[in-house]
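J.: Under the numbering used here, read the sequence shown as residues 3 to 400, first letter to last.
Glycine included, each C-beta is placed from N, C-alpha and C at the ideal position.
I have a structure here, written as structure tokens, and I will follow up with some questions on it.
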Amino acid sequence: MSTYFDTLETRSADQRASEQLAAVNAQIARVAASGAGMVDAAPLSDLSELSKLPVLRKSTLSGWQQQNPPFGQIAVQNVAHIFQSPGPIYEPGGISHDWWRIGRFLTAVGIGSDDIVQNCFGYHLTPAGMIFESGARAVGATVVPAGTGQTELQVRAAHDIGTTAYAGTPDFLKVILDKADQMGLSLKITKAAVGGGALFPSLRQEYADRGILCLQNYATADLGNIAHESAAQEGMIVDEGVIVEIVRPGTGDPVAPGEVGEVVVTTLNPDYPLIRFATGDLSAVMAGESPCGRTNMRIKGWMGRADQTTKIKGMFVRPEQVADLVARHSDVGRARVIAEREGEMDVMLVQLETAGTDGSVYEQTVLDTLKLRGRIELVPAGSLPNDGKVIEDRRSYE
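Take a look at the structure:
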């Protein structure tokens with residue numbers, strides 16, 4: 003079996019940038035021609051110019067879909083399935099070769115034509131089951147469309163059929179393995195491709211102790227595969243069919259390399275063009291290339307949610323307001339709003355990274371942007387935590 007799914011994974015940085023620029027310009031032209039109003043028709047001369055385009059958020063997408071169901075203004079083609087995610091938001095699915103690009107992930111896990119994959123992702127309305135089935139077909143594996151639940155039947159099927167690989171959430175594999183032990187049945191599972199939840203180090207080690215290589219990926223119903231681990235287990239390698247940016251929450255502005263921010267993705271799939279789609283997830287870019295030989299950018303994986311909207315003194319404070327606060331003062335690099343309690347009262351602390359020394363300079367801007375008065379604390383540049391948070395709630399709810 004090949005080490006890599008395709009030659010795209012080992013491209014030089016210059017080749018990747020050139021080919022992705024051509025692909026994203028084709029997407030921009032496609033979207034502009036549809037009249038969706040997402041972007042204008044002007045092509046980019048460099049990938050860095052992507053950050054100047056507007057961010058598309060799920061709330062906007064949902065609004066479009068309500069006005070013009072099921073996909074809103076987006077020009078969708080080659081639709082074989084329509085799925086529903088919470089919201090509700092509707093996503094198209096195709097049956098062309100590896101439509102969601104999961105084959106690269108399964109190849110990294112070592113899954114190929116000799117494997118039988120027990121696919122324990124859901125097939126009902128949500129696309130996860132079909133996403134992984136499409137990837138398994140792309141690498142030539144046989145699929146057991148097991149879905150979720152029915153643990154005893156899952157164990158019996160895995161034993162009788164000779165399942166060698168698992169696809170599903172990280173914790174359900176343990177349920178299957180433990181049930182197999184209880185039933186006294188041996189299983190042949192040695193590979194696991196997991197997603198849709200956190201793979202804790204202790205759980206990964208438990209699988210390793212059982213002789214199972216367990217790797218995780220990061221995918222969404224809208225975008226398909228975004229990034230995945232390899233056997234090197236050093237971060238997640240960005241998929242070749244998307245462009246990933248890490249931006250400051252509440253804005254579309256890229257953060258400095260290594261800084262935690264919101265994951266914004268442009269998909270190069272012509273069937274469902276999404277440009278600068280905000281996932282609402284936090285992550286950060288990792289420096290360097292993976293030791294496995296794949297050359298694309300790496301991210302640190304899922305690091306929390308970017309939507310930090312918090313109610314303070316009965317008023318909602320949103321990341322976009324914090325971004326506006328920073329934008330109004332050229333000397334302020336970053337800001338952090340902290341909600342605390344003093345006695346039975348909410349209080350707001352606003353920390354600003356600046357060389358300034360007079361907090362009163364910022365009082366009116368804080369009131370104008372956040373609609374609340376708060377204590378202002380000036381801190382040196384680089385002193386706020388690198389965790390992607392611009393709003394922190396320190397109040398105890400116990």
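How should G65 be labelled, buried or exposed, when 16 other C-beta atoms within 10 angstroms of its C-beta is the threshold for buried?
T.: Residue numbering aside, residue 65 sits at position 63 when the sequence shown is read from its first letter. With fewer than 16 Cβ atoms within 10 Å of its Cβ, G65 is classed as exposed.
J.: Is there a Cβ from chain C that is less than 9 angstroms from the Cβ of A31?
T.: Checking the listed chains, one finds no chain C in this structure; it contains a single protein chain.
J.: Nearest-angstrom Cα distance between R139 and G112?
T.: Along the sequence shown, read from residue 1 onward, the residue named residue 139 stands at position 137. Along the sequence shown, read from residue 1 onward, the residue named residue 112 stands at position 110. C-alpha separation (whole angstroms): 14 angstroms.
J.: Quick one: what's got a C-beta closer than 8 angstroms to W101's C-beta in the same chain, skipping five residues either side?
T.: The count along the sequence shown starts at 1 and reaches residue 101 at position 99. Taken in chain order, the residues that qualify are G95, S136, G226, N271 and D273.
J.: According to DSSP, what are the bridge partners of C216?
T.: Translated into the one-based positions of the sequence shown, residue 216 becomes position 214. Bridge partners of C216: A194.
J.: Over the uninterrupted alpha helix (DSSP H) stretch that includes G303, give me the two end residues.
T.: As a first step, residue 303 is located in the sequence shown; it is residue number 301 there, counting from the start. From DSSP, G303 is part of no alpha helix (DSSP H); its letter is neither H nor E.
J.: Starting from K391, follow its DSSP beta bridges and name the residues at the other end.
T.: For the purposes of this step, residue 391 is identified with residue 389 of the sequence shown, where counting begins at 1. Paired residues: none, contrary to the question.
J.: Threshold first: 3 residues or longer. Then list the beta strand (DSSP E) segments lying entirely within the segment 246-275, N to C.
T.: 263-269
J.: Could you name each continuous alpha helix (DSSP H) segment of 4 residues or more that falls completely within the segment 140-172, going from the start of the chain to the end?
T.: 153-163
J.: For the beta strand (DSSP E) containing G282, name the first residue and the last one.
T.: By one-based count along the sequence shown, residue 282 stands at place 280. From DSSP, the beta strand (DSSP E) with G282 extends over F279 to S285.
J.: Can you tell me whether L49 is helix, strand or coil according to DSSP?
T.: Residue numbering aside, residue 49 sits at position 47 when the sequence shown is read from its first letter. Helix at L49.
J.: What do you reckon, are the CB atoms on L217 and V196 nearer than 9 angstroms?
T.: Counted from its first residue, the sequence shown places residue 217 at position 215. Counted from its first residue, the sequence shown places residue 196 at position 194. Against a cut-off of 9 angstroms, the Cβ pair of V196 and L217 comes out as a contact.
J.: Would you call the segment 279-288 in contact with the segment 68-80, where contact means no fewer than 3 C-beta pairs closer than 8 angstroms?
T.: no
J.: Would V262 and V246 qualify as a contact pair, given that the criterion is a beta-carbon distance under 9 angstroms?
T.: Numbered from its first residue, the sequence shown carries residue 262 at position 260. Numbered from its first residue, the sequence shown carries residue 246 at position 244. Cβ distance not < 9 angstroms, so V262 and V246 don't count as in contact.
J.: Taking a contact to mean a Cβ-Cβ separation below 9 angstroms, would you say V339 touches G376 in this structure?
T.: Counting from 1 along the sequence shown, the entry for residue 339 is found at position 337. Counting from 1 along the sequence shown, the entry for residue 376 is found at position 374. Result yes, Cβ atoms of V339 and G376 sit closer than 9 angstroms.
J.: Whose CA, out of V368, E291 and A289, lies closest to the CA of V319?
T.: Taking the sequence shown and counting its residues from 1, one reaches residue 319 at position 317. Nearest of V368, E291 and A289 to V319, Cα basis: V368.
J.: Note down the Cα distance separating S61 from H83, rounded to an integer number of angstroms.
T.: In the sequence shown, the residue the question calls residue 61 occupies position 59. In the sequence shown, the residue the question calls residue 83 occupies position 81. Rounded to whole angstroms, S61 to H83 spans 22 angstroms at the Cα level.
J.: What is the DSSP secondary structure of V41, counted as helix, strand or coil?
T.: The sequence position of residue 41 within the sequence shown is 39, counting from 1. In this structure, V41 counts as coil in the three-state DSSP scheme.
J.: How would you call R343, buried or exposed, if buried means at least 16 neighbouring beta carbons within 10 angstroms?
T.: Locating residue 343 in the sequence shown gives position 341, where the first residue counts as 1. It counts as exposed.
J.: Per the contact definition of three or more C-beta pairs closer than 8 angstroms, is the segment 45-61 in contact with the segment 180-194?
T.: no
J.: Can you tell me whether DSSP reads Y209 as helix, strand or coil?
T.: Numbered from its first residue, the sequence shown carries residue 209 at position 207. Helix at Y209.
J.: Spatial neighbours of M305 within its chain, please: C-beta separation below 8 angstroms, excluding the five flanking residues on both sides.
T.: Counting from one through the sequence shown, the residue named residue 305 turns up at place 303. Excluding sequence neighbours, M305 sits near V262, D283, L284, S285, A286, D389 and G390.
J.: Measuring CA to CA, which of L327, A194, V392 and V141 is closest to G105?
T.: Position 103 of the sequence shown, counted from the start, is the residue given in the question as residue 105. The candidate whose alpha carbon is nearest that of G105 is V141.
J.: Classify S232 as buried or exposed, calling it buried when 16 or more other Cβ atoms lie within 10 Å of its own Cβ.
T.: Your numbering for residue 232 matches position 230 in the sequence shown. Buried, by the Cβ-count rule.
J.: Taking only the alpha-carbon atoms, compute the straight-line gap between A194 and P71 and give it to the nearest angstrom.
T.: The residue you call residue 194 lines up with position 192 of the sequence shown. The residue you call residue 71 lines up with position 69 of the sequence shown. Their Cα atoms are separated by approximately 37 angstroms.
J.: Only counting the same chain, and skipping five residues up and downstream in sequence, which positions put a Cβ closer than 6 angstroms to that of V240?
T.: As a first step, residue 240 must be located in the sequence shown, where it is residue number 238. Same-chain partners within the cutoff: A229, V246, N298 and M299.
J.: When you compare only the Cα positions, how much space is there between G89 and L215?
T.: Mapped onto the sequence shown, residue 89 falls at position 87. Mapped onto the sequence shown, residue 215 falls at position 213. Near 35 angstroms, if we compare the C-alpha coordinates of L215 and G89.
J.: Can you grab the Cα-Cα spacing for the pair Y321 / L386, in whole Å?
T.: Numbered from its first residue, the sequence shown carries residue 321 at position 319. Numbered from its first residue, the sequence shown carries residue 386 at position 384. The question names Tyr, but residue 321 in the sequence shown is Pro. If you take the alpha carbons of P321 and L386, they lie about 16 angstroms apart.
J.: Residue range of the alpha helix (DSSP H) that P321 falls in?
T.: The residue you call residue 321 lines up with position 319 of the sequence shown. Taken as a continuous stretch (DSSP letters only), the alpha helix (DSSP H) holding P321 covers P321 to A329.
J.: Between the C-alpha atoms of R250 and E208, what's the straight-line distance to the nearest angstrom?
T.: On the sequence shown, residue 250 is found 248 positions in, with the first residue counted as 1. On the sequence shown, residue 208 is found 206 positions in, with the first residue counted as 1. Answer to the nearest angstrom: the Cα atoms are 36 angstroms apart.
J.: If you reduce the DSSP assignment to three classes, tell me which class K60 lands in.
T.: Counting from 1 along the sequence shown, the entry for residue 60 is found at position 58. Residue state for K60 is assigned as helix, using DSSP reduced to three classes.
J.: Which residues in the same chain have their Cβ closer than 8 angstroms to the Cβ of L374, if we skip the five residues on either side of it in sequence?
T.: In the sequence shown, counting from the first residue as 1, residue 374 sits at position 372. Cβ within range, chain order: I314, K315, M317, V319, M350 and V368.
J.: Using a Cβ-Cβ cut-off of 6 angstroms (strictly less than) and excluding sequence neighbours within five positions of D309, which residues of its own chain qualify?
T.: As a working mapping, residue 309 is identified with position 307 in the sequence shown. G282.
J.: Around the C-beta of E93, are 16 or more other C-beta atoms found within 10 angstroms, so that it is buried, or is it exposed?
T.: Along the sequence shown, one-based indexing puts residue 93 at 91. So E93 ends up on the buried side.
J.: So, helix, strand or coil for S14, using DSSP?
T.: For the purposes of this step, residue 14 is taken as the residue at position 12 of the sequence shown. In this structure, S14 counts as coil in the three-state DSSP scheme.
J.: Between A223 and P147, which are expected to be in contact by the criterion C-beta below 8 angstroms, what is the C-beta distance as a whole number of angstroms?
T.: Counting from 1 along the sequence shown, the entry for residue 223 is found at position 221. Counting from 1 along the sequence shown, the entry for residue 147 is found at position 145. 18 angstroms between Cβ atoms; not a contact.
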